[in-house]
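Following numbering that gives the first Met the number 0, the numbering of the sequence shown begins with 0 at its first residue and continues without gaps. Beta carbons are placed, not taken as given, at the ideal position from N, Cα and C, and that holds for glycine. This structure is a prediction, so every number in the text was calculated from the model and none was measured. For reference, the structure discussed in these notes is given below.
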Amino acid sequence: MLERSRRPNGGYYRMDGECRRGRHDAARVLSPEEAEAIGIALPSATKVLRSRGKRTVTKQYDYHSGSVYAHPRVEQGDDGRRPRRVGQLRAVHAQTVESLPMARVEVKGKDERVKLDTGAQYSVAGEAWKELGERQEVLPPVDYVEGFTGAVSKVLGVWRFRMKTQYGQYMEVDALIIEGATTEFL
Numbered sequence: 000m001l002e003r004s005r006r007p008n009g010g011y012y013r014m015d016g017e018c019r020r021g022r023h024d025a026a027r028v029l030s031p032e033e034a035e036a037i038g039i040a041l042p043s044a045t046k047v048l049r050s051r052g053k054r055t056v057t058k059q060y061d062y063h064s065g066s067v068y069a070h071p072r073v074e075q076g077d078d079g080r081r082p083r084r085v086g087q088l089r090a091v092h093a094q095t096v097e098s099l100p101m102a103r104v105e106v107k108g109k110d111e112r113v114k115l116d117t118g119a120q121y122s123v124a125g126e127a128w129k130e131l132g133e134r135q136e137v138l139p140p141v142d143y144v145e146g147f148t149g150a151v152s153k154v155l156g157v158w159r160f161r162m163k164t165q166y167g168q169y170m171e172v173d174a175l176i177i178e179g180a181t182t183e184f185l
């Protein structure tokens, strides 16, 4: 009977005869070379487990948005009709819209500029963008948006835009069309 040693030299024990609990006088230690010469090999499961244990831990990137958005608030309209949902466009502590970087995209053969904002809760566009996209028959998440034009603006609907970036990549963006804003896209 052979048993793997728990000692640093990595030897094997060969049990001669009966071994009683607490007595180690019957055990003889074999070196790895002696065990190999006799033809004793580690079980394959041990080899697999040992090789798996030496694997390095790979780093994984787990993204969590640091933006904090306010939930849409419900306001009663002045005319007494159904309540309206008003949503904050931008995250709390986000920089001003004017200071955002811009990117060049191609939409239906026209070169346009869009503002890039990682702190925006919704993609929004002005009324001039309607002709460059397709209207979607879905209910917008809010009826009014606050924080794009400096005031509360009415949402006209959801449009889908197919854009080609300056790097030749295609992307589709669903954006809220905002009344009062003309050429802006955020």
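- In the DSSP assignment, alanine 174 falls within the beta strand (DSSP E) that extends over 169-177.
- DSSP places alanine 102 inside the beta strand (DSSP E), whose first and last residues are 101-106.
- In this structure lysine 114 is not in contact with leucine 131, their Cβ atoms being roughly 16 Å apart against a cut-off of 8 Å.
- Counting along the chain, the unbroken alpha helix (DSSP H) around glutamate 35 starts and ends at 31-37.
- Secondary structure at alanine 124: strand, using DSSP grouped into helix, strand and coil.
- Residues of the same chain with a CB within less than 6 Å of the CB of aspartate 173, apart from the 5 flanking positions on each side, are Val157 and Arg159 in chain order.
- Proximity to threonine 181 across Gln135, Glu136, Val123 and Arg134 peaks at Val123, based on C-alpha coordinates.
- Going by DSSP, valine 141 is part of no beta strand (DSSP E) at all; its letter is neither H nor E.
- Residues of the same chain with a CB within less than 6 Å of the CB of proline 100, apart from the 5 flanking positions on each side, are Leu115 in chain order.
- Contact between glutamine 165 and alanine 102 holds: their C-beta atoms lie close to 7 Å from each other, under 8 Å.
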